[in-house]
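Chemist: I have a structure here, written as structure tokens, and I will follow up with some questions on it.
Number of protein chains: 2
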Amino acid sequence: MNLAQLPAGPANSIDRGSKVPLYHQLYEILRGQIVTCQWKPGDMVPPESQLVDQYDISRTTVRQVLDMLVNDGLVFRQRGRGTFVTQPTLNHGLSRILSFTEDMRQRGLTPGTRVLLSEVVGAPLEVADHLNVLPGVELAHLKRLRLANGEPLSVEDSYLVHRYCPGVLEHDYASSPLRETLERRYSLRLSRAQQTIQAVAAPKELARLLDVRLNAPMLHIERVSYTPQDVPVELLHVFHRGDRYALYNELLG
Amino acid sequence: MNLAQLPAGPANSIDRGSKVPLYHQLYEILRGQIVTCQWKPGDMVPPESQLVDQYDISRTTVRQVLDMLVNDGLVFRQRGRGTFVTQPTLNHGLSRILSFTEDMRQRGLTPGTRVLLSEVVGAPLEVADHLNVLPGVELAHLKRLRLANGEPLSVEDSYLVHRYCPGVLEHDYASSPLRETLERRYSLRLSRAQQTIQAVAAPKELARLLDVRLNAPMLHIERVSYTPQDVPVELLHVFHRGDRYALYNELLG
DNA sequence: TAGTGGTCTAGACCACAAA
DNA sequence: TTGTGGTCTAGACCACTAA
Chain G
1 MNLAQLPAGP ANSIDRGSKV PLYHQLYEIL RGQIVTCQWK PGDMVPPESQ
51 LVDQYDISRT TVRQVLDMLV NDGLVFRQRG RGTFVTQPTL NHGLSRILSF
101 TEDMRQRGLT PGTRVLLSEV VGAPLEVADH LNVLPGVELA HLKRLRLANG
151 EPLSVEDSYL VHRYCPGVLE HDYASSPLRE TLERRYSLRL SRAQQTIQAV
201 AAPKELARLL DVRLNAPMLH IERVSYTPQD VPVELLHVFH RGDRYALYNE
251 LLG
Chain H
1001 MNLAQLPAGP ANSIDRGSKV PLYHQLYEIL RGQIVTCQWK PGDMVPPESQ
1051 LVDQYDISRT TVRQVLDMLV NDGLVFRQRG RGTFVTQPTL NHGLSRILSF
1101 TEDMRQRGLT PGTRVLLSEV VGAPLEVADH LNVLPGVELA HLKRLRLANG
1151 EPLSVEDSYL VHRYCPGVLE HDYASSPLRE TLERRYSLRL SRAQQTIQAV
1201 AAPKELARLL DVRLNAPMLH IERVSYTPQD VPVELLHVFH RGDRYALYNE
1251 LLG
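Protein chains in written order, with the working numbering: chain G, 1 to 253; chain H, 1001 to 1253.
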């Protein structure tokens, strides 16, 4: 059995007997084409008429799926021309959960990582609260220094509920994204997250790690990520150097 | 002619002869009911079947409109129960353009304002660039100190293209929101905005105004707002005290 | 059981872009 | 002219909620 031939990921055909709605199945299929880069930015998505024929689904349902992808920012439509895969957006970190690697690539920077700490700990009270577990429950704690073009940019402090991903710390997170391991090895997909963003002053340890003066301004993000079943899995604290990192997003009136 | 009887805002009936799509007309009508608080948070929106009858529009189209309102975060649906107006969300400042007043109300704080500066100036180079006008073009410049429960919280620096709203500075912005004046007096609706968010150190003047020490961490937001025709109207710089203000939002995987 | 939203179909006609 | 997406209709059957 070869994992590459049978990815745990999305199927590529519709199962009419399944209880999963057709539009949801088709959504997973098309989304899979895009996130795996089988359809690349700028590529035209098959026209609605072709999707209707190919999957034997009504145009209304096909359009519902495309609407979802448009909402996700994965594709855009042009009347008379077609539907196209979006160029990676500039909505840095404020609409989709990005790994540090993805974020840096989008900014045209080369990512680097140094693992500072990797240990299993009992959940501190405040962390337990965010992850909806009892204090003392085993958590995987991973602390990493992030570099952009070799320069220190951020410090990430990650707490994972260990029973959902036992042995998670045995992998190497200097080179491969944590989210990738969670998805591949533990089938843990983080589909949703809540975060707060604040400006804070760098304490001594952070200042030293990031090579800034004491009390330098930092962008602090606290994020809790959830599975599709709304189970909280990860509490993440990120501290970005204020002089080197900005968030960008778009608002509606 | 009484403005209260004939608001410039949305009509409340469908015009089948109009070139504006039905779904868009219905969207404006329903959205109007909500933003004017004729339908209040928690209220049930008329069931789809009733909207179908009332406006003589097919259910598919009615559902398309409700989908848009759901996407806007204005309503949510519950199968078997109905569709309801949302409680004002906690997505503070990261998905909809909020006035300071709205923002404070959502946080349960009492807003206050002191106008620091109000003048017409020639556009500086950097500002002109953001607003897509030539350097030197007349801009209305408004600088305000914002208070929460009487304590200094933020400083807002606003630049408006003066020819779109001549005389805008003659109104009183200590008590009424700028956006409200723009919409009522000048029919300028800000429907979209782009912003960047950064942590910065408080310079001397800001530190004095906000009663923090020099170089204290501040959350800096730079925002350009656009009309529905994509004309940039306002460049806004906001500086929030880092210890008293946080942003919150939700992400998708 | 009655009323709600959730899913899905098979059409129709239109506006726009490109050849 | 052809092919694309944009708008709209009139149904159908289902799943869930509440009385």
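Every residue gets a Cβ at the ideal spot worked out from N, C-alpha and C, and that includes glycine. From a predicted model like this one, the values you see are computed outputs, not experimental measurements.
Hey, how far is the Cα of Tyr-1055(H) from the Cα of Ser-1191(H)?
Modeler: 26 Å
Chemist: From what residue to what residue does the alpha helix (DSSP H) around Ser-1154(H) run?
Modeler: From DSSP, Ser-1154(H) is part of no alpha helix (DSSP H) but of the beta strand (DSSP E) over 1151 to 1161.
Chemist: Just the C-alpha distance for Ser-118(G) and Ile-221(G), rounded to the nearest angstrom, thanks.
Modeler: So the alpha carbons of these two residues sit roughly 20 Å apart.
Chemist: Which complete alpha helix (DSSP H) runs does the region 127 to 204 of chain G hold, if anything under 4 residues is left out?
Modeler: 178 to 186
Chemist: What's the gap between the Cα of Pro-1135(H) and the Cα of Ala-1123(H)?
Modeler: 5 Å
Chemist: Identify whether Val-967(H) lies in helix, strand or coil by the three-state DSSP scheme.
Modeler: Any property of residue 967(H) remains undetermined from this structure, which presents chain H solely from 1001 to 1253.
Chemist: Can at least three beta-carbon pairs, one atom from the region 151 to 161 of chain G and one from the region 1177 to 1193 of chain H, be found at a separation below 8 Å?
Modeler: Verdict: no, contact absent.
Chemist: Against chain H, with Cβ distances strictly below 8 Å, would Gly-242(G) count as a contact?
Modeler: True, the Cβ-Cβ gap to chain H drops below 8 Å.
Chemist: Determine the burial state of Phe-1100(H): buried for a count of at least 16 other Cβ atoms within 10 Å of its Cβ, exposed for fewer.
Modeler: Under a 10 Å Cβ-count criterion, Phe-1100(H) is classified as buried, with 16 or more other Cβ atoms of the shown protein chains found around its own Cβ.
Chemist: List the residues of chain G whose Cβ lies closer than 7 Å to the Cβ of Tyr-1186(H), in chain order.
Modeler: Residues of chain G with a Cβ closer than 7 Å to the Cβ of Tyr-1186(H) do not exist, since the nearest Cβ in that chain sits about 15 Å away.
Chemist: How far does the alpha helix (DSSP H) with Gly-1032(H) in it reach, from first residue to last?
Modeler: Gly-1032(H): member of the alpha helix (DSSP H) spanning 1022 to 1035, first to last residue.
Chemist: I'd like to know if the region 1226 to 1236 of chain H and the region 228 to 243 of chain G are in contact, where contact means that at least 3 CB-CB pairs between them fall below 8 Å.
Modeler: Segment contact: the region 1226 to 1236 of chain H against the region 228 to 243 of chain G, fewer than three CB-CB distances shorter than 8 Å; contact not assigned.
Chemist: If you reduce the DSSP assignment to three classes, tell me which class Thr-1101(H) lands in.
Modeler: helix
Chemist: Quick check on Ser-1013(H) - is its C-beta less than 8 Å from some C-beta in chain G?
Modeler: no
Chemist: Using the rule of at least 16 other Cβ atoms within 10 Å of the residue's Cβ for burial, across every protein chain shown, is Pro-217(G) buried or exposed?
Modeler: buried
Chemist: Which residue marks the beginning of the beta strand (DSSP E) containing Tyr-245(G), and which one marks its end?
Modeler: Tyr-245(G) -> no beta strand (DSSP E), and no H or E assigned at all.
Chemist: Would you report the Cα separation of Gly-108(G) and Asp-211(G), rounded to the nearest angstrom?
Modeler: Going by the C-alpha atoms only, they are around 22 Å apart.
Chemist: Interface residues of chain G around Asn-1215(H) at Cβ under 7 Å?
Modeler: Chain G residues near Asn-1215(H): Asn-215.
Chemist: Would DSSP call Arg-1241(H) helix, strand or coil?
Modeler: strand
Chemist: Taking Gln-1201(H) as the reference, give the member of Gln-195(G), Ile-197(G), Asn-215(G) with the closest Cα.
Modeler: Rather than Gln, the amino acid found at residue 1201(H) in this sequence is Ala. Taking only the C-alpha atoms, the option nearest Ala-1201(H) is Asn-215(G).
Chemist: Considering just the uninterrupted stretch of the alpha helix (DSSP H) at Leu-51(G), what are its terminal residues?
Modeler: Start and end: 48 to 55.
Chemist: Look up Arg-1213(H) in the DSSP assignment and say whether it is helix, strand or coil.
Modeler: coil
Chemist: Once you ignore the five residues that flank Val-1133(H) on each side, which residues in its own chain have a CB closer than 7 Å to its CB?
Modeler: Ala-1123, Val-1161
Chemist: Using beta-carbon positions only, say whether Leu-1147(H) and Thr-1113(H) come within less than 8 Å of one another.
Modeler: Less than 8 Å divides the Cβ of Leu-1147(H) from the Cβ of Thr-1113(H).
Chemist: Does Met-1254(H) come within less than 8 Å of chain G when only Cβ atoms are used?
Modeler: There is no way to answer for residue 1254(H), as the model of chain H reaches only from 1001 to 1253.
Chemist: Contact check, Leu-1142(H) vs Tyr-1173(H) under 8 Å by CB: the rounded distance?
Modeler: 6 Å
Chemist: The region 1120 to 1145 of chain H: which residues have C-beta closer than 9 Å to a C-beta of chain G, in chain order?
Modeler: none
Chemist: What residues in the region 179 to 206 of chain G bring their beta carbon closer than 9 Å to a beta carbon of chain H?
Modeler: Arg-179, Arg-189, Leu-190, Ser-191, Arg-192, Ala-193, Gln-194, Gln-195, Thr-196, Ile-197, Gln-198, Ala-199, Val-200, Ala-201, Ala-202
Chemist: Strictly under 8 Å for the Cβ-Cβ distance: is Arg-96(G) near chain H by that measure?
Modeler: Chain H, which has a Cβ nearer than 8 Å to the Cβ of Arg-96(G), makes this yes.
Chemist: Which residues of chain H have a Cβ atom closer than 7 Å to the Cβ of Ala-148(G), listed in chain order?
Modeler: What Ala-148(G) touches in chain H: nothing, since even the nearest Cβ is about 15 Å away.
Chemist: Just curious, the beta strand (DSSP E) that Gly-1082(H) is in, first and last residue?
Modeler: 1082 to 1085
Chemist: What residues from chain H crowd round Tyr-27(G), counting only those whose CB sits closer than 7 Å?
Modeler: Ordered by position in chain H, no residue passes the 7 Å Cβ test against Tyr-27(G), which lies about 13 Å from the chain.
Chemist: Please report the residue range of the beta strand (DSSP E) in which Ser-1118(H) lies.
Modeler: If you look at Ser-1118(H), you'll find it in the beta strand (DSSP E) that goes 1111 to 1122.
Chemist: How would you label Leu-90(G), buried or exposed, when you count the other beta carbons within 10 angstroms and need 16 or more for buried?
Modeler: Below a pLDDT of 50, predicted positions are generally treated as unreliable, and Leu-90(G), at 48, falls in that range; no measurement from the model is reported.
Chemist: Mind checking if Glu-250(G) is an interface residue toward chain H, Cβ cutoff 8 Å exclusive?
Modeler: yes
Chemist: Compute the beta-carbon to beta-carbon distance between Val-85(G) and Pro-41(G), rounded to the nearest angstrom, for a pair I have assumed lies under 8 Å.
Modeler: 5 Å
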